[in-house]
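The block underneath contains the structure these notes are about, expressed in structure tokens.
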């Protein structure tokens, strides 16, 4: 959310949360994978069943 | 470079410029991997969609009126 909805740069996010850039990258990657999976299962797949 | 590394770098590329070696590795991998090409396109869709949400161009559906919360609602 901080990145995509608030438009913060990753350096600002790291400073705000007190995490390393690598940790931030891991969190972003996991979040994107989760969102992709959620949309795929509940949105696009659901349309096929509609 | 395997798909796990490629997808991680594709995600990273959304937040920072990739180093030359990283960029080249991803490009080579994408030449031969259709699934990662699809993943890269999906990341683009996610960024576009969240961008529209953030700018207010794509309003959220109205929330259900809060009367009694469902029993399994978590904060």
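Residue numbers (the numbering used here), protein chains in the order written: chain A, 1037 to 1086; chain B, 835 to 909.
Glycine included, each C-beta is placed from N, C-alpha and C at the ideal position.
Of all residues in the region 844 to 870 of chain B, only 845, 846, 848, 849, 850 place a beta-carbon less than 8 Å from a beta-carbon of chain A. Residue 1069 of chain A and residue 885 of chain B have their alpha carbons spaced roughly 17 Å apart. Interface annotation, residue 1059 of chain A: not in contact with chain B, CB-CB separation never under 8 Å. Using a Cβ-Cβ cut-off of 8 Å, residue 876 of chain B is close to 1072 of chain A, given in chain order.
Using a CB distance cut-off of 8 Å, residue 1043 of chain A counts as an interface residue toward chain B.
Ranking A/1052, A/1055, A/1047, A/1053 by CA distance to the CA of residue 850 of chain B puts A/1047 first. Residue contact check for residue 886 of chain B against chain A: no CB pair falls below 8 Å.
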